[in-house]
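Numbering (the numbering used here), first residue to last: 45 to 302.
Note that the Cβ used here is the ideal one computed from N, Cα and C, for glycine as well.
Take a look at the structure below.
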């Protein structure tokens, strides 16, 4: 594993609403120490070239994205151009739409479409990555949604962006699951989980919760994952997301990341 710490921009999505916002956000993240990003939650329409100019300005590299479902299904050529202009060769999808993950027919249709889409992306030098939440560990017709995705997609073109928080939330051991996935687990979202009470949990900065990070990091190294992307969908009320990103960054630096 290349022990690079990346910033998942979804954490700071409220600071990505204009091109000026995006510029300031990249500047702040670069000053924390981040050198790589996952472009997700940028709430302003930018071309790949425009976003690359911002990243280049601060010496940062975009190694992964999250793009909307309709972008894949309605204009794949545009999505491919965006990634090539950005210099990014991993195209992520946040999740399958709800109506395509709650029935066998919906799952089969999603898998059929994205086997084809991921194959087309591969021809262009772009790898597709599916990001999990907890609902992939619900059963549809007696089988976990995640198992449909693993077993019925092309392992050479359909990869995964595994989220440590959502694995834990679903009752799955993150380290064991990363090892199970092996080289299909390309990018790992480093996001911690903290118990608030017997029946409630929340997200928190990496190292501040209940995840066994030494085990997760060792599993990432064994699986050959490409990068760790720090993400915190929700910060405590009143907390500055950039401070949260710095806390996570500083913790991972103590674990040999840079």
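| For residue 178 and residue 213, the rounded distance between their alpha carbons | One-based indexing of the chain shown puts residue 213 at position 169. One-based indexing of the chain shown puts residue 178 at position 134. Residue 213 and residue 178: Cα-Cα distance of roughly 6 Å.
| message | As an exercise, report each continuous beta strand (DSSP E) stretch of at least 3 residues that is fully enclosed by the segment 117 to 195, in chain order. | response | 134 to 137, 171 to 175
| query | If you follow the alpha helix (DSSP H) that residue 288 is part of, which residue opens it and which one closes it? | reply | Translated into the one-based positions of the chain shown, residue 288 becomes position 244. Where residue 288 is concerned, the enclosing alpha helix (DSSP H) starts and stops at 285 to 297.
| Neighbour flag for residue 133 against chain B, beta carbons, 8 Å | No chain B is present in this structure, which holds just one protein chain.
| task | Would you check if the segment 65 to 72 and the segment 243 to 261 touch, i.e. whether three or more CB-CB distances between them fall below 8 Å? | result | no
| request: Take residue 148 as the anchor and find which of 191, 90, 266 has the nearest alpha-carbon. | output: For this step, residue 148 is matched to residue 104 along the chain shown. Nearest option by C-alpha distance: 191.
| task | Work out the CA separation of residue 96 and residue 280 for me, nearest whole Å. | result | Within the chain shown, the letter at position 236 stands for residue 280. Within the chain shown, the letter at position 52 stands for residue 96. If I take the Cα positions, the gap works out to 31 Å.
| task | Less than 8 Å between the CB atoms is what I'm expecting for residue 84 and residue 123, so what's the real figure, rounded? | result | For this step, residue 84 is matched to residue 40 along the chain shown. For this step, residue 123 is matched to residue 79 along the chain shown. That pair is no contact at about 14 Å.
| query | Between residue 8 and residue 204, what straight-line distance do the alpha-carbon atoms span, to the nearest angstrom? | reply | Residue 8 lies beyond the range of the chain shown here (45 to 302); nothing can be said about it.
| To which residues does DSSP link residue 233 through a beta bridge? | For the purposes of this step, residue 233 is taken as the residue at position 189 of the chain shown. In DSSP, residue 233 forms a bridge with 207, 273.
| said: Mapping the DSSP letters down to three states, classify residue 88 as helix, strand or coil. | reply: For the purposes of this step, residue 88 is taken as the residue at position 44 of the chain shown. It is coil, neither helix nor strand.
| field | Alpha carbon of residue 206 to alpha carbon of residue 64, nearest angstrom | value | Indexing the chain shown from 1 puts residue 206 at position 162. Indexing the chain shown from 1 puts residue 64 at position 20. Cα to Cα, residue 206 sits roughly 31 Å from residue 64.
| With burial defined as no fewer than 16 other Cβ atoms inside 10 Å of the residue's Cβ, what is the status of residue 142: buried or exposed? | In the chain shown, counting from the first residue as 1, residue 142 sits at position 98. Counting Cβ neighbours within 10 Å, residue 142 comes out exposed, since fewer than 16 surround it.
| query | So, is residue 249 buried or exposed, given that buried needs 16 or more other C-beta atoms within 10 angstroms? | reply | Walking along the chain shown from the start, residue 249 turns up at place 205. It counts as buried.
| field | Candidates 244, 294, 229, 241: closest to residue 266 by CA position | value | Reading the chain shown from its first residue, position 222 is the one you call residue 266. Residue 229 is the option with its Cα nearest to residue 266.
| Exposed or buried, residue 240, counting other C-beta atoms within 10 Å across all chains shown (16 or more means buried)? | For the purposes of this step, residue 240 is identified with residue 196 of the chain shown, where counting begins at 1. So residue 240 ends up on the exposed side.
| task | Mind checking which residues open and close the alpha helix (DSSP H) that includes residue 222? | result | Your numbering for residue 222 matches position 178 in the chain shown. Boundaries of the alpha helix (DSSP H) around residue 222: 218 to 225.
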